[in-house]
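> I have a structure here, written as structure tokens, and I will follow up with some questions on it.
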Amino acid sequence: MSNHRSWMYCRLDTFGYVSSEFKQGVDDFIDFAFSHVSYVFDNTIRCPCLKCANGEFHNRDVVEYHLYSWGFVGGYYAWSSHGESISGNLERVESSRSRDDPVNPYQSMVVDCDFGYNDFNRSGGTDENVEELPNPKAREFFSLLKDADESLWTGCKKHSKLSAVSQLLNCKSECNMSDSSYDRFISIVKDMLPEDEKLPTNFYRTKKMDSLGLGYKKIPACPNNCMLFYKESESLNECSVCGHPRYKPRKSSSSKHKDVPFKVLRYLPLTPRLQRLYMSSKTAKHMSWHEFNQSPEGEMRHPVDSEAWQQFNRTHPEFAHECRNVRLDLCTDGFNPFGPNAKP
26 MSNHRSWMYC RLDTFGYVSS EFKQGVDDFI DFAFSHVSYV FDNTIRCPCL KCANGEFHNR
86 DVVEYHLYSW GFVGGYYAWS SHGESISGNL ERVESSRSRD DPVNPYQSMV VDCDFGYNDF
146 NRSGGTDENV EELPNPKARE FFSLLKDADE SLWTGCKKHS KLSAVSQLLN CKSECNMSDS
206 SYDRFISIVK DMLPEDEKLP TNFYRTKKMD SLGLGYKKIP ACPNNCMLFY KESESLNECS
266 VCGHPRYKPR KSSSSKHKDV PFKVLRYLPL TPRLQRLYMS SKTAKHMSWH EFNQSPEGEM
326 RHPVDSEAWQ QFNRTHPEFA HECRNVRLDL CTDGFNPFGP NAKP
């Protein structure tokens, strides 16, 4: 097998047939995957083809057929979903880079953080035989990649369009700048730059460009904290407990003006934040640390060493089989969530 596994993305030879090197590499990969029995479930393994993207389990023959047909999902040099240590292979991949090939940290940030990258790979958009247009997430992803490579102005070597916007937004957050102050500041900066500069004109345009952050959901709430106007209560216009109106009185009867709630809860969804931990190569390896760093006998240094963890494994063996599954604990810091103080 090639040290850098370059064969993985050289599927076809000059005549358009699957190359012999690729066939041999696929055989080696499948033998490797099935040799790690903890990653084999009912004689199936995760299929790393462009379509399945390690999201589907198939037997040996189906995995082989998929890889011959569509090739490997992009960037899967470290076979972490099939039992290979992530850190060891990443070192080989990084060492294969040319010393003269500079790494663009903002391009890496986009690839690590953006969910559209995996969506695009699963749609088959990178295969040379597929002409399907990228989905909206993928288009957004490639737009950000373009911004990461595009110079702030012609001849600028220190900043790309994305790097400048990211640093300006970071400055706004750290210095607690208002939107109007940011707009004023950006207008001054733009006047100082060459005419072909590419900075967004104001904060609104800047936010539209930068889409790497995780969003939140706004849920109207009763000002007295009685209830949320959510799900079955979403259509109510007043609190069902205290009767307080949901919306502030309108200053105008015009239908153009939207109703403004007295109070809004900003809910941060947990699932995409857990997914984001696996999107970055820097944090993904820590999410399965407990599986590959066993503690010495009789020593407790991680929740995996506790009896509660082991009891959970015995109760839910299928869930415990996948080390990347996330377990959540409730930490109350001495507060009893089921005691009398928990009641309103």
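According to the working numbering, the stretch in the sequence shown is residues 26 to 369, in order.
By construction, the Cβ of each residue, glycine as well, lies at the ideal position given by its N, Cα and C atoms.
Taking Cβ positions, are residue 217 and residue 225 nearer each other than 8 Å?
no
> Three-state secondary structure (DSSP) at residue 123?
Annotation note: pLDDT 41 at residue 123 (below 50); position unreliable, coordinate value reported separately. Of the three classes helix, strand and coil, the one that applies to residue 123 here is coil, per DSSP.
> So which of 274, 273, 255 has the shortest CA-CA distance to residue 265?
If we check each option's Cα against that of residue 265, 255 comes out closest.
> State the DSSP-derived secondary structure class of residue 40, mapped to helix, strand or coil.
coil
> Restricting to Cα atoms, I'd like to know which of 60, 74, 309, 207 is closest to residue 194.
207
> Between the Cα of residue 347 and the Cα atoms of 51, 80, 84, 52, which residue gives the shortest distance?
Checking every option, the nearest Cα to that of residue 347 belongs to 80.
> Should residue 107 go down as buried or exposed, given a rule of 16 or more other Cβ atoms within 10 Å for buried?
Burial call: buried.
> Taking the beta strand (DSSP E) that residue 245 falls in, what are its first and last residues?
Run containing residue 245: 242 to 246, per the beta strand (DSSP E) assignment.
> Skipping 5 residues on each side, what residues in its chain have a beta carbon closer than 7 Å to that of residue 186?
172, 175, 177, 223
> Run the CB neighbour count on residue 203, radius 10 Å, all protein chains shown included, and call it buried at 16 or more, exposed below.
exposed
> So, using beta-carbon positions, are residue 33 and residue 97 closer together than 8 Å?
Yes, these two residues count as a Cβ contact at 8 Å.
> What residue range is occupied by the uninterrupted alpha helix (DSSP H) comprising residue 255?
No alpha helix (DSSP H) contains residue 255, which DSSP labels as neither H nor E.
> Roughly how many angstroms separate the alpha carbons of residue 62 and residue 211, rounded to a whole number?
57 Å
> On a CA-only basis, which of 317, 272, 36, 294 is nearest residue 241? Give me that one, please.
294
> Give me whichever residues DSSP pairs with residue 77 in a beta bridge.
DSSP output for residue 77 lists no bridge partner at all.
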